[in-house]
Every structure is written in C-alpha cells, then in structure tokens.
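Listed below in structure tokens is the structure:
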C-alpha cells in the first residue's frame, strides 16, 4: 500500500501557533474552515486530527512527502517525517525553496516541479515493484 498525495496532516481546530501560518494559499483560518468541509459527506470524519504523532505514524505505508519552504505544510511534513522515522517506516521528505503549496502537481511548469515529479515516480516505482514481488512470492 502506498500513501497518496496528501492535502493536510493536521485539521485540529485548536491549532494556535503554527510556524507557517502565514502561507498565502493555506493560511491557518482556511485550515480551520477546511476541517468542517472534510467532515461533510456520506461518511463522518474518522481518525486522528493530527497525523504527525508517533501513535499514527506506525500505520503509514512507505511514504514520500513534498513541501515548499515557508508554506503551510512544511512544518507538518518535517514532523511527520520524524514520526515516520521513529516508527521505522520508510519515507523521504523533500522541501523545495521558493515554491508554492501543491507545486508538485504542476509537473513540467517549473524545473522544481518536474524534479519533484520524477522523484515521486522513482519512489513509487521502487515501492510498487517491491509490493508486487512480495505478493508474487507469497502466492
């Protein structure tokens, strides 16, 4: 199992002093509003509101994390990376300077987004190949 691209790691409504709270695309106020949106739908919001804790990290599959420096998810990405390391989960974190939130999905528009895209493809190829080989050996 591979973790998909993520939206946010923390939707705790009690967020207070967040180092990157001044992000233009995802300020703290938007994170708080986003919590109400994520809780709507046919299914109630379940699970932890803070994905960066050691208690949740052990359930993650191999993960690759991308963030832009000084954006809303930079600190969360670094905290999740540390929690995944402590849990023994294989992971990588890549922080790109001078980019905007979600720059990775614009692969090809900037050299940095293209580099991040290629990094993601290599990570996924390696881990999906390993997963497929494990299934074949188990069968």
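Residue numbers (my numbering): 13 to 151. Yeah, the Cβ is synthetic: ideal placement off N, Cα and C, and Gly gets one too.
Residue 129 (DSSP reduced to helix, strand or coil): helix
Sheet register partners of residue 118 (DSSP bridge): Paired residue(s): none; residue 118 is not in a bridge.
Backbone secondary structure at residue 137 - three-state DSSP: helix
Residues that DSSP places opposite residue 77 in a beta bridge: 105
For residue 75 and residue 98, the rounded distance between their alpha carbons: 14 Å
Residue 70 in three-state terms, based on DSSP: coil
Assumed close pair residue 95, residue 86 - CB separation to whole angstroms, cut-off 8 Å: Not confirmed; about 15 Å, so no contact.
Residue range of the unbroken alpha helix (DSSP H) whose run includes residue 151: Careful: residue 151 lies outside any alpha helix (DSSP H) and carries neither H nor E.
Rounded Cβ spacing between residue 115 and residue 125 (contact assumed at less than 8 Å): 5 Å
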